[in-house]
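Numbering (my numbering), first residue to last: 202 to 574. Yeah, the Cβ is synthetic: ideal placement off N, Cα and C, and Gly gets one too. One structure is given below, encoded as structure tokens.
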Ligand code: GLU
């Protein structure tokens with residue numbers, strides 16, 4: 202239905218139950234087959250990010266907190282300890298699996314703040330973007346060790362959707378143990394019908410999700426629908442597909458049954474709307490006529506075109522860009538705090554390092570982080 206290879210930027214979320222057996226052993230044969238699918242996608246130009254669960258499942262075995270009386274629920278501190286241990290093994294397993302295809306991996310551990318707070322969002326986004334540019338596959342998980350209940354994503358379905366939103370991915374694949382959404386729980390109701398395509402998250406869809414149990418780890422169909430809502434708002438299509446067999450991405454690409462959630466907009470416009478819409482600017486940057494004209498042509502704002510910096514702000518904060526007459530021309534997320542911005546205004550990008558003592562971005566505001574007013 203959707204040509205996966207046409208995706209430019211794809212997030213694939215892998216559930217714990219797919220990666221680890223009940224006893225916490227990793228399913229390396231399955232992982233190797235998935236790594237092969239990922240390498241094939243990358244060779245056709247698709248950038249791939251992995252959101253991998255499984256740290257707790259693997260770690261509890263290592264720590265002897267195995268599922269004694271099956272599925273004993275761990276205390277928060279125990280699951281955090283298990284995650285800390287299992288994450289090392291998980292990252293290593295991904296590294297091994299992708300190394301066979303000459304692909305390097307990088308471990309990224311996130312909490313909700315890292316995707317929602319603009320300042321941290323910019324850091325996480327820049328790092329992941331740089332990794333993708335360098336041809337690396339980021340392997341992402343929640344930072345379970347520091348994530349307390351209040352700041353937890355709690356499940357990697359939502360984390361995957363947030364990552365897709367933050368990185369403007371066009372496709373988010375949730376590999377699960379069920380091939381999508383049904384009108385009722387197919388395990389209990391034989392009249393349950395599979396839904397192939399969802400265009401909007403309606404109350405009906407939510408009700409169906411409540412009916413359908415199926416799941417791996419902590420997410421259920423309900424969290425998948427919440428993830429779909431986030432992804433769709435971000436202009437990213439999402440798919441729930443059965444990942445249990447070998448080569449799950451290849452199977453999906455071959456048209457295996459799944460549920461696709463198809464958004465209206467495009468990823469980039471959605472992010473720009475997010476930047477423009479929910480901003481509460483904390484400062485402003487005044488630019489000369491040349492820079493104003495460059496911005497109108499869709500260019501980034503360079504320090505050279507800045508004539509003044511007003512207010513106090515930090516890197517990643519939302520600011521207004523005005524012309525010399527004070528007229529607002531754009532809004533964006535600034536790459537330098539106000540003190541540093543004052544020091545480099547009017548200067549060429551090559552001079553930044555000499556002035557600040559570190560090599561920051563060439564742009565004061567990158568065009569991806571700018572929206573015209
Ligand atoms: N972060 C958890 C882990 O790696 C998984 C969360 C989930 O299953 O969604 O073990």
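Cα-Cα, which of the options is closest to residue i?
i           : options            : result
residue 208 : 402, 371, 237, 308 : 371
residue 496 : 462, 376, 315, 571 : 571
residue 282 : 291, 266, 292, 294 : 266
residue 342 : 405, 251, 297      : 251
residue 241 : 484, 574, 451, 569 : 451
residue 317 : 291, 360, 508      : 360
residue 519 : 369, 291, 255, 477 : 477
residue 439 : 471, 358, 528      : 358
residue 516 : 501, 527, 498, 542 : 542
residue 253 : 568, 294, 487, 400 : 294
residue 468 : 204, 210, 537      : 210
residue 443 : 457, 433, 220      : 457
residue 401 : 244, 304, 473, 429 : 429
residue 302 : 488, 324, 232      : 232
residue 433 : 284, 408, 466, 246 : 466
residue 287 : 312, 255, 324      : 255
residue 560 : 573, 568, 569, 537 : 537
residue 204 : 445, 224, 279, 245 : 245
residue 566 : 482, 329, 547, 532 : 532
residue 461 : 568, 330, 408, 373 : 373
residue 247 : 386, 334, 471, 225 : 334
residue 425 : 487, 314, 362      : 362
Tell me whether residue i is buried or exposed, calling it buried when 16 or more other Cβ atoms sit within 10 Å of its Cβ.
i           : result
residue 504 : buried
residue 512 : exposed
residue 214 : buried
residue 415 : Its pLDDT being 46, under 50, residue 415 is placed unreliably by the model, and the measurement read from it follows with that caveat. Buried is the call here.
residue 418 : Caution applies to residue 418, whose pLDDT of 45 falls short of 50 and renders its modelled position unreliable; the model cannot decide the point.
residue 552 : exposed
residue 389 : exposed
residue 556 : exposed
residue 525 : exposed
residue 300 : exposed
residue 172 : For the chain, the structure presents residues 202 to 574; residue 172 sits outside this window and is missing.
residue 383 : buried
residue 192 : Look at the range of the chain in this structure, 202 to 574, and you will see that residue 192 is not part of it.
residue 375 : buried
residue 404 : exposed
residue 558 : exposed
residue 366 : buried
residue 549 : exposed
residue 398 : exposed
residue 471 : buried
residue 312 : buried
residue 377 : buried
residue 217 : buried
Over the uninterrupted beta strand (DSSP E) stretch that includes residue i, give me the two end residues.
i           : result
residue 342 : 338 to 343
residue 484 : 484 to 488
residue 427 : Careful: residue 427 lies outside any beta strand (DSSP E), inside the alpha helix (DSSP H) at 422 to 434.
residue 287 : Note, residue 287: premise wrong, no beta strand (DSSP E); alpha helix (DSSP H) at 277 to 300.
residue 529 : 529 to 534
residue 573 : 571 to 573
residue 308 : 306 to 311
residue 521 : 519 to 523
residue 459 : 459 to 462
What are the residues that DSSP puts in a beta bridge with residue i?
i           : result
residue 214 : 252, 375
residue 452 : For residue 452, which the question treats as bridged, DSSP gives no partner whatsoever.
residue 507 : 488
residue 383 : 395
residue 502 : 566
residue 260 : Residue 260 is not bridged to any residue.
residue 221 : 227
Could you pull the start and end residues of the alpha helix (DSSP H) that residue i belongs to?
i           : result
residue 195 : No answer is possible for residue 195: the residues shown for the chain start at 202 and end at 574.
residue 229 : 229 to 244
residue 443 : Looking at the DSSP string, residue 443 is not in any alpha helix (DSSP H); the run it does join, the beta strand (DSSP E), is 438 to 443.
residue 366 : 357 to 367
residue 539 : 539 to 545
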